[in-house]
Ligand code: IMP
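Residue numbers (the numbering used here): -16 to 180.
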């Protein structure tokens, strides 16, 4: 069965293709469907945004669509940047601008209060309106300075629980095993069989 990944984020497409590679789905990128246009992520929750993306792409392509919405929730900032993670330092901000703003906000926060988590919600939506969703969380803490070149987004300033390296210092395989997106997709894979029958 064909499925469209409802994201234009190159980092996420790479990770999702890898995570879905053993699943027998023929994965097509959103770039193949110019009729879809821009989808505004204006929801207050990751679920609302993921649902809007999956539903819109499925309706406009006539194919199953898989969308995710994700972000970083920092304890000391009461869950911010959350759904605003991609534009924390302003509309069109780079990953570096976003994580430098976060480090600045956190500069006086002591080690024991630097807990944070990545959260990811995924939705698979069929053109007939049937859908399933899944959520994954990856706990960790925020560093005082960036380290590592891999990954994307806030990876250089996030150390996952049980490790001393940042997410940006892990290999893709290592990250996929523990990441919020990896966990959400593991659950989604179990549920998606409901949609394939
Ligand atoms: P989305 O594209 O609306 O899901 O926004 C996700 C934003 O959250 C990204 O632009 C990153 O800033 C951040 N984010 C989500 N997942 C990750 C990750 O695995 N590593 C680092 N940053 C992430």
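For glycine and all other residues, C-beta sits at the position ideal for the given N, C-alpha and C.
Is residue i near the ligand IMP, in the sense that its beta carbon is under 7 Å from a heavy atom of that ligand?
i           : result
residue 69  : yes
residue 130 : no
residue 55  : yes
residue 162 : yes
residue 16  : no
residue 123 : no
residue 30  : no
residue 136 : yes
residue -16 : no
residue 150 : yes
residue 78  : yes
residue 24  : yes
residue 51  : yes
residue 159 : no
Do you know whose CA, among the options, lies nearest residue i's CA?
i           : options              : result
residue 154 : 62, -2 and 110       : -2
residue 126 : 15, 38, 36 and 82    : 82
residue 55  : 46, 47 and 65        : 65
residue 78  : 98, 61, 140 and 88   : 140
residue 133 : 180, -5 and 19       : -5
residue 150 : 138, 156 and 160     : 138
residue 85  : 39, 36 and 136       : 136
residue -10 : 37, 29, 4 and 8      : 37
residue 51  : 87, 94, 147 and 0    : 0
residue 75  : -13, -8 and 180      : -8
residue 146 : 123, 87, 129 and 163 : 123
residue -12 : 27, 108, 163 and 98  : 108
residue 17  : 98, 44, 121 and 33   : 44
residue 106 : 161, 178, 57 and 121 : 178
residue 20  : 128, 42 and 57       : 42
residue 120 : 15, 98 and 180       : 98
Pull up the CB-CB distance for residue i and residue j, whole angstroms please, since I reckon it's below 8 Å.
i           : j           : result
residue 59  : residue 92  : 5 Å
residue 152 : residue 131 : 4 Å
residue 46  : residue -15 : 5 Å
residue 22  : residue 35  : 7 Å
residue 29  : residue 4   : About 24 Å separates the two Cβ atoms, so there is no contact after all.
residue 183 : residue 11  : Residue 183 is absent from the structure shown; the chain starts at -16 and stops at 180.
residue 2   : residue 159 : 6 Å
Can you name the residues that DSSP bridges to residue i?
i           : result
residue 170 : For residue 170, which the question treats as bridged, DSSP gives no partner whatsoever.
residue 11  : -13
**Prompt:** Would you call the region 160 to 176 and the region 102 to 121 in contact, with 3 or more CB pairs under 8 Å?
**Reply:** yes
**Request:** Check whether the region 66 to 74 touches the region 102 to 113, counting contact only when three or more Cβ pairs, one atom from each stretch, lie closer than 8 Å.
**Result:** no
**Asked** Would you call the region 157 to 170 and the region 94 to 106 in contact, with 3 or more CB pairs under 8 Å?
**Response** yes
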